[in-house]
Amino acid sequence: MASERSTGSSQKDDGTGRTFGRLADDEPVGMVTGHFNHCQNCGHEPLIPIMDFGHHPPCDSLVRPAQLTKPEAFYPLHLFRCDRCGLVQIDYAVDPAELFYEEYPYMTGITGALKSNFDAMAGKVIETLRLQPGSLVVDIGSNDGTILQGFKTRGMRVLGVEPTGIAKIANSRGITTLQAFFNQDVAQDVLKKEGPASLITAANVFAHVANLGPCLRGIHALLADNGTFISESHYLLDLIDTLQYDTIYHEHLRFYSIKPMQDMMKRFGFSVVDVERIPNHGGSIRVYAVKGTEGQPSARMQELVKQEEAYGLYDSALYVTFKQRVEQSKWKLMHLLSDLKLKGHRIVGIGSPGRSSTVMNYCGIGPDYLDYTAEQATSLKVGLFTPGTHVPVVDEKKLFEDQPDYALVLAWHLGETVPRKLRSKGLRSKFIMPLPDPVILDW
Ligand SMILES: [Zn+2]
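Under the numbering used here, the first residue of the sequence shown is numbered 153, with each subsequent residue one higher.
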């Protein structure tokens, strides 16, 4: 497996045995693993603290039964912003090999809404970019190949790059996938074998890349001169607006808005030419970038930047209020759950998405509140325990046998879709939506 850490950057030891550092002075800033003081984009320091969530385990490191008697690693989860470029970020990068391990349990294709969104995206992108059949499309962090499937069925040559064992599942489904962290070496190998890519995509992985330099330089090398690089990232404005603090976890090193993204892409020789807001993961942006720094922003992108500024996304006052809102949300949720427990009710969880880990660890929701959390039978998480809080993850059929009093919807960002589906299948429990303000659905 290629290592994201082989960067050629100047590194120093921080005394903890981990290496971290920045690239040479004439290079854009990067970092490897561990704690850092400087902005991940522009290198400015110090960063301005927004909120300290305490120490948390990696959100997708579910615990196997045999591991329950062993120590578990927790890392700092502290949110900051840079007052020079505006990038909101955390200040600690867990080793990617620990976050995106061989048995990593998340599969894109398991979320039905995402699957159909990605299929629609393929059709639309092919039309907009006028991609010819046989064009090479490369997806970085391609997971189970869900995104590429849409391009393949429309006649494109596709190649995935995915560091976890899910690469094998993609290959078995006929989506050629290299099991590796994407970097310049991987880019050169692909270039030699397949030629330049007309389109490179990176959906919901761009915030995950610890060391941006090797990744973005690799993309620049592999992309055809008239090619397009499309990234999708959770959108900071949606995160703040709808209080999605549960998306703050170690896999997400940066929370993107347009201005810092534009600045970052420019450092690596790209221009952002268009941005659209999309519903994925509770509100994301799809960012279109081309090679060269002369590309002009579309009218809709300029309009979005104005909206960001009007919302206060680049002002410190917004983040002071954000912290207060998060704390109030926690107090209300724990008040509700504690009250129900004191009255003798049984509560279980619905789903075990990565994002539920932050809420559960930050609020302290363990087996004392939830008897278990239920996942689709096909989920790789069934039989494991939630990270840090150790709530058992079970096959959702148990819900229907048990009919618990209350069900806490941990995938709340999908709205009422999941509760309505479970109700139609015969679940009689009352549903609790935990965020932004906890509510009990009374239908
Ligand atoms: Zn900065």
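Here a beta-carbon is modelled for each residue, glycine too, at the ideal position from N, C-alpha and C.
When the distance is taken between beta carbons, is residue j closer than 9 Å to residue i?
i, j, result
"residue 124", "residue 349", "Past the edges of the chain, shown from 153 to 595, lies residue 124, and the structure says nothing about it."
"residue 574", "residue 408", "no"
"residue 466", "residue 392", "no"
"residue 504", "residue 533", "yes"
"residue 560", "residue 514", "no"
"residue 311", "residue 342", "yes"
"residue 332", "residue 346", "no"
"residue 306", "residue 275", "yes"
"residue 236", "residue 196", "yes"
"residue 193", "residue 366", "no"
"residue 558", "residue 543", "no"
"residue 386", "residue 248", "no"
"residue 405", "residue 241", "yes"
"residue 602", "residue 203", "Not covered by the structure: residue 602. The range shown for the chain is 153 to 595."
"residue 402", "residue 251", "yes"
"residue 410", "residue 439", "yes"
"residue 302", "residue 272", "yes"
"residue 458", "residue 589", "no"
Which word fits residue i, buried or exposed, when buried means at least 16 other C-beta atoms lie within 10 angstroms of its C-beta?
i, result
"residue 481", "buried"
"residue 555", "exposed"
"residue 538", "buried"
"residue 156", "A caution first: residue 156 carries a pLDDT of 36, below 50, which makes its placement in the model too unreliable to give a value."
"residue 564", "buried"
"residue 200", "exposed"
"residue 536", "buried"
"residue 562", "buried"
"residue 243", "buried"
"residue 586", "buried"
"residue 529", "exposed"
"residue 316", "buried"
"residue 153", "Model confidence at residue 153 stands at a pLDDT of 34, short of 50, so the residue's coordinates are unreliable; what they give is reported in the following sentence. Result: exposed."
"residue 476", "exposed"
"residue 173", "Since pLDDT at residue 173 reaches only 33, below the 50 mark, its modelled position is unreliable, and the value read off the structure follows with that caveat. By the 10 Å Cβ count, residue 173 comes out buried."
"residue 479", "exposed"
"residue 576", "exposed"
"residue 469", "exposed"
"residue 592", "exposed"
"residue 340", "exposed"
"residue 335", "buried"
"residue 189", "exposed"
"residue 494", "exposed"
"residue 133", "Absent from the model: residue 133. The displayed extent of the chain is 153 to 595, so no value can be given."
"residue 435", "buried"
"residue 164", "The predicted model places residue 164 with a pLDDT of 34, which falls under 50 and marks its position as unreliable; any figure quoted below should be read in that light. With fewer than 16 other Cβ atoms within 10 Å, it is exposed."
"residue 370", "buried"
In the DSSP assignment, find the unbroken beta strand (DSSP E) run with residue i in it and report its ends.
i, result
"residue 426", "422–430"
"residue 378", "375–386"
"residue 139", "Nothing in the structure corresponds to residue 139, since the chain is present only between 153 and 595."
"residue 117", "Lying outside 153 to 595, the shown extent of the chain, residue 117 is not represented and no answer is given."
"residue 241", "240–242"
"residue 545", "545–547"
"residue 436", "436–443"
"residue 291", "288–292"
"residue 309", "309–313"
For the alpha helix (DSSP H) holding residue i, just list the boundary residues, first then last.
i, result
"residue 487", "468–494"
"residue 558", "Run containing residue 558: none in the alpha helix (DSSP H); it sits in the beta strand (DSSP E), 558–561."
"residue 361", "Here residue 361 belongs to no alpha helix (DSSP H), and DSSP marks it neither H nor E."
"residue 301", "298–304"
"residue 416", "410–419"
"residue 201", "Run containing residue 201: none in the alpha helix (DSSP H); it sits in the beta strand (DSSP E), 200–208."
"residue 332", "Unbroken run through residue 332: none, as it is neither H nor E."
Going by C-alpha to C-alpha distance, which of the options sits closest to residue i?
i, options, result
"residue 426", "416, 437, 433", "437"
"residue 209", "203, 506, 334, 545", "506"
"residue 379", "337, 386, 278, 410", "278"
"residue 269", "430, 531, 564, 536", "430"
"residue 388", "287, 345, 471, 572", "471"
"residue 308", "316, 412, 281", "281"
"residue 205", "444, 197, 399", "399"
"residue 447", "543, 527, 424, 433", "424"
"residue 548", "567, 540, 527", "527"
"residue 583", "502, 250, 517, 410", "502"
"residue 377", "351, 357, 456, 402", "351"
"residue 284", "304, 291, 267, 185", "304"
"residue 567", "432, 267, 191", "432"
Quick check: is the beta carbon of residue i nearer than 9 Å to any beta carbon in chain B?
i, result
"residue 532", "Absent here is chain B; the protein component of the structure consists of one chain."
*Inspect the CB distances between the region 322–329 and the region 293–312 and report whether three or more fall short of 8 Å.*
yes
_the region 415–425 in contact with the region 476–491 per 3-pair CB rule at 8 Å_ = no
*Can we say the region 445–465 touches the region 222–235, given the rule of at least three CB pairs closer than 8 Å?*
no
*With contact counted as at least three CB pairs below 8 Å, one residue from each stretch, are the region 391–406 and the region 218–226 in contact?*
no
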